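For reference, each letter of the sequence shown is one residue, going 511 to 594 in the working numbering. Don't be surprised by glycine CBs; every beta carbon is placed ideally from N, CA and C. For clarity, every value in this text was computed on a predicted model and none was experimentally measured.
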Amino acid sequence: MQRRLKAVQVTFDDSSMYVSLNDGRMLGVPLAWFPRLLHASLEQRQNFTISTSGLHWDQLDEDISIAGLLAGHGDLTHHHPQAA
Numbered sequence: 511m512q513r514r515l516k517a518v519q520v521t522f523d524d525s526s527m528y529v530s531l532n533d534g535r536m537l538g539v540p541l542a543w544f545p546r547l548l549h550a551s552l553e554q555r556q557n558f559t560i561s562t563s564g565l566h567w568d569q570l571d572e573d574i575s576i577a578g579l580l581a582g583h584g585d586l587t588h589h590h591p592q593a594a
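Have a look at this one:
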């Protein structure tokens, strides 16, 4: 039986979020992918919960799936114009 991927630790620096997974990998993603996190205070960023499918920030109304991070998806709730 394959173990489901799950976040085990989340840390931040000024421009990125780092998610450690239960299989030993660490994902680093730019906060620019997630405007709610980018504009949040460090205290707000650190106030999250880890679920079986991803990360949740109740105060910021932000949910990020591990599958989405692995696929390279940022914030899918806002329309981003195509680059020229």
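Cβ-Cβ distance between Q570 and A550 below 7 Å: In the sequence shown, residue 570 corresponds to position 60, counting from 1. In the sequence shown, residue 550 corresponds to position 40, counting from 1. Checking the sequence shown, residue 570 turns out to be Leu, not Gln. Contact flag set, yes.
Cβ shell of V520 (< 6 Å), same chain only, five flanking positions each side left out: Taking the first residue of the sequence shown as position 1, residue 520 is located at position 10. For V520, where only same-chain residues beyond five positions count, the Cβ hits under 6 Å are V529.
Helix, strand or coil at Q519 according to DSSP, with G and I counted as helix: What you label residue 519 is simply residue 9 of the sequence shown in a count that begins at 1. Reduced to three states, the DSSP call for Q519 is strand.
DSSP three-state assignment for G564, whether helix, strand or coil: The residue given as residue 564 occupies position 54 in the sequence shown. DSSP places G564 in strand when its eight states are reduced to three.
Cβ neighbour criterion (16 or more within 10 Å) applied to L579: In the sequence shown, counting from the first residue as 1, residue 579 sits at position 69. Looking at its Cβ environment, which holds 16 or more other Cβ atoms inside 10 Å, L579 is buried.
N- and C-terminal bounds of the alpha helix (DSSP H) containing G584: The residue you call residue 584 lines up with position 74 of the sequence shown. Taken as a continuous stretch (DSSP letters only), G584 belongs to no alpha helix (DSSP H), as it is neither H nor E.
Whole-angstrom C-beta distance between V539 and S526, which should lie under 8 Å: Within the sequence shown, residue 526 is the residue found at index 16, counting from 1. Within the sequence shown, residue 539 is the residue found at index 29, counting from 1. The Cβ separation is near 6 Å, so the contact holds.
Per DSSP, cross-strand counterpart(s) of S525: Translated into positions along the sequence shown, residue 525 becomes position 15. Answer by DSSP bridge pairing: none, since S525 is not bridged.
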